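Basically the working numbering = 1-based index in the sequence shown + 91.
C-beta: ideal position from N, C-alpha, C; glycine also.
Quick caveat, the model's predicted, so the values are computed rather than measured.
Below is one structure, written out as structure tokens; the observations come after it.
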Amino acid sequence: MLVQRPAAPPRTSRSQQVDPDEDAATGDHQAQVIVVGAGPAGSAAALHLARSGVDVLLLEKGTFPRDKVCGDGLTPRGVQQLVRMGVDIDAPGWMRTKGMRWVCEGRQVHIDWPSSGAHPDFGLTRSRHDFDDVLVRQAVAAGARLCMETKATGPLTDRAGRITGVNSVAGADKRPRKYHAPVVIAADGASARTALAMGLERDPGKPIATAARRYYRSGARTHDPYLELWADLVCSRTARDLPGYGWIFPLGDGRVNVGLGALPHRGHGTVDLRATMDRWLTRMPSHWGLREENADSPLLSAALPMGFNRTPQYRRGLLLVGDSGGMVSPWSGEGIVQAMEAGEVAAETVALALHRPSGPGRERALHQYASEVNRRWGRYYRLGNTVADLVFARYGYRPLLNRRVMASPTLVRTLARLLTHGTDAPADDLIDSVVRGVVRMVPAPSRRARALDALRR
Ligand SMILES: Cc1cc2nc3c(=O)[nH]c(=O)nc-3n(C[C@H](O)[C@H](O)[C@H](O)COP(=O)(O)OP(=O)(O)OC[C@H]3O[C@@H](n4cnc5c(N)ncnc54)[C@H](O)[C@@H]3O)c2cc1C
């Protein structure tokens, strides 16, 4: 296990690696905030906390770089977060995209990312093998202390049940170690072990999809400037529409990321992703090279916890960020940008709360995190959960992206904005106003309902 900490000063200098046992002697098992998990959520939270001058300890069970099952695609909103984190997106390794291409029923339509100015007018792709490594280095350069190969095994709590740190095992020999902090951020992904151990169960009424991806070498597709989505995939076993969609995302390094995601189908249960993918690949032109002999990885799958399926997002000193809080969009399956944005919101909330003495005042300030993520995404996710349940899980994406819809450029642009959460206040154009108007009509969960929900759990 290694602890990485920034050489000081200046804060942006290269990180040093320090023996953790020396750290124990100097009392570095104590911090103002512990972040569990160094994916996009954890690195974003740690980076923004460190920038605010907070002493933050980032615990990661793996060693980086490492693979993470993902589609590797970022919409402009995600690019914006990277820029806010100071990531050099002009460095080699990033592939820019112009927009999306939707394919359905033999038709295709191109939707360029909006150029209005609210967000960058391009998206990015990068394999998670590199991506997460870039982000965690950025967090360390900002001042976060990083402990690799350190797996949090359970919360430490006080008599009142408030989290005061985590137990962990470190290194190949699994040395037990305790870390202490008055605030802990759970960014440990879909497994959400820290949240579960604090009694925060998943809401079974909210959607959880499964997605699988595989890398292929494809000279024909690797520099495609569009993220390609297929809406008319058919399940292998039932020959019914896939309750999800397929994607081909260019990586610009000779490879493409090909995958598909699906909700459990209302009519016929779990989807066989491997067989469905095989069937889909036979539809691809042979010159794209998406064949077994060009495969560059196994087909791997993972869960997508969606639509705030674990709440409340704050309880007893613990904040849930990213997949651990079920923050994947029920509209699109995107989760990286939500993870990074929520990481920033969590960091800001905690940095402000730490200026108050511990007690009810600080507690009220920490509760603001749940209020803020609900203000940002509550209505949009509520509507998305309903659409996922009534439309995507029964009929897939074909009802939204069929021939008739594709024939209308305005409808297509509106849908694209809705699916990728590409609108913000203030509205940029008429499409923004319409999308925002629709989302605003969704009733927000009342404070009372949220409080009851929190008590119930
Ligand atoms: C097949 C697939 C395709 C996807 N495609 C896209 C896409 O194209 N675009 C997009 O935006 N989203 C996509 N997603 C969703 C996206 O991958 C996730 O939403 C995102 O990774 C969430 O980030 P996170 O930081 O919350 O969690 P993770 O990225 O899962 O990071 C969690 C980290 O915590 C660490 N950890 C776990 N447990 C512990 C522990 N006990 N102690 C210490 N460390 C721990 C893990 O090692 C990991 O590094 C896809 C998901 C899947 C499955």
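For the putative contact between residue i and residue j, defined by C-beta atoms under 8 Å, what is the C-beta separation to the nearest angstrom?
i: V257; j: A278; result: Not a contact, Cβ separation roughly 12 Å.
i: P156; j: D224; result: 4 Å
i: R331; j: H359; result: 6 Å
i: L138; j: A233; result: 5 Å
i: S134; j: A230; result: 4 Å
i: V347; j: R312; result: 5 Å
i: G197; j: L333; result: No, G197 and L333 are not in contact; Cβ-Cβ is about 17 Å, not under 8 Å.
i: P205; j: G417; result: Contact flag wrong, Cβ pair sits at about 28 Å.
i: V274; j: V124; result: 5 Å
i: V354; j: P389; result: Going by the sequence as given, residue 354 is Leu instead of Val. Wrong, their Cβ atoms sit about 23 Å apart, outside the cutoff.
i: A300; j: G262; result: That belief does not hold up - the Cβ atoms of A300 and G262 are roughly 35 Å apart, past 8 Å.
i: I522; j: R531; result: Wrong, their Cβ atoms sit about 15 Å apart, outside the cutoff.
i: D158; j: H201; result: With 8 Å as the limit, D158 and H201 do not qualify as a contact, their Cβ atoms being about 31 Å apart.
i: R489; j: C195; result: 6 Å
i: V412; j: A122; result: Their Cβ separation, rounded to whole angstroms, is 16 Å, which puts V412 and A122 out of contact at 8 Å.
Rounded to whole angstroms, what is the Cα-Cα separation between residue i and residue j?
i: R470; j: D264; result: 47 Å
i: K152; j: G408; result: 22 Å
i: E435; j: G424; result: 20 Å
i: A116; j: L149; result: Model confidence at A116 stands at a pLDDT of 45, short of 50, so the residue's coordinates are unreliable and nothing is read from them.
i: E384; j: S377; result: 12 Å
i: V478; j: T154; result: 38 Å
i: G380; j: F483; result: 30 Å
i: T367; j: S207; result: 38 Å
i: E113; j: A535; result: Legend: pLDDT at E113 = 49, less than 50; position of this residue unreliable, no value from coordinates given.
i: W468; j: T329; result: 35 Å
i: I254; j: E292; result: 16 Å
i: Y317; j: C326; result: 25 Å
i: D414; j: Y472; result: 14 Å
i: V170; j: T241; result: 29 Å
i: A442; j: D363; result: 45 Å
i: W338; j: L351; result: 6 Å
i: A559; j: L510; result: Given a span of 92 to 548 for the chain in the structure shown, any question on residue 559 remains unanswerable.
i: V533; j: L474; result: 7 Å
i: V428; j: R382; result: 31 Å
i: P246; j: T505; result: 44 Å
i: L372; j: L140; result: 44 Å
i: R357; j: L320; result: 22 Å
i: F213; j: P267; result: 45 Å
i: V464; j: D294; result: 17 Å
i: R370; j: V349; result: 13 Å
i: V503; j: P451; result: 49 Å
i: K189; j: V147; result: 37 Å
i: Y405; j: M191; result: 35 Å
i: T440; j: V145; result: 12 Å
i: A235; j: V127; result: 13 Å
i: H210; j: D203; result: 13 Å
i: T216; j: A322; result: 21 Å
i: M550; j: Q199; result: Nothing about residue 550 can be read from this structure; the chain reaches only from 92 to 548.
i: K420; j: T248; result: Inspection of the sequence shows that residue 420 is occupied by Ser rather than by Lys. Rounded to the nearest angstrom, the two C-alpha atoms are 32 Å apart.
i: N493; j: S143; result: 48 Å
Should residue i be flagged as near chain B, meaning a C-beta pair shorter than 7 Å?
i: L138; result: No chain B appears in this structure, which consists of one protein chain only.
Would you say the beta carbon of residue i is closer than 6 Å to some non-hydrogen atom of ligand 3?
i: I339; result: Annotation note on ligand 3: not contained in the displayed structure, which lists ligand 1 as its ligands.
Alpha helix (DSSP H) runs contained entirely in the segment 181 to 248, provided each spans 4 or more residues: The qualifying runs are 219 to 233.
With a cut-off of 8 Å, do at least 3 Cβ pairs link the segment 301 to 309 to the segment 273 to 292? Remark: fewer than three beta-carbon pairs, one from each stretch, lie closer than 8 Å, so the segment 301 to 309 and the segment 273 to 292 are not flagged as touching.
Pairing CB atoms from the segment 162 to 170 with CB atoms from the segment 454 to 470, are three or more of them under 8 Å? Segments in contact, no.
Please go through the segment 355 to 398 and give each complete alpha helix (DSSP H) segment of 4 or more residues, from N-terminal end onward. Qualifying alpha helix (DSSP H) stretches, in chain order: 364 to 372.
Can you check the segment 148 to 186 for any alpha helix (DSSP H) of at least 4 residues that lies completely inside it and give the ranges in chain order? Fully enclosed alpha helix (DSSP H) runs of no fewer than 4 residues occupy 167 to 175 of the segment 148 to 186, in order along the chain.
So, does the segment 335 to 347 touch the segment 180 to 190, judging by three or more C-beta pairs under 8 Å? As far as the Cβ criterion goes, the segment 335 to 347 touches the segment 180 to 190, which means the pair count is three or higher.
Which full runs of the alpha helix (DSSP H) of 4+ residues lie inside the segment 424 to 472, going along the chain? Counting only runs of at least 4 residues, the segment 424 to 472 fully encloses the following alpha helix (DSSP H) elements, listed from N- to C-terminal order: 427 to 444.
Spell out a yes or no on whether the segment 439 to 455 and the segment 382 to 397 are touching, meaning 3 or more CB-CB pairs, one atom from each, closer than 8 Å. With the cut-off at 8 Å, the segment 439 to 455 and the segment 382 to 397 do not touch.
Which full runs of the beta strand (DSSP E) of 3+ residues lie inside the segment 246 to 293, going along the chain? Whole beta strand (DSSP E) segments, 3+ residues: 254 to 261, 266 to 271, 274 to 277.
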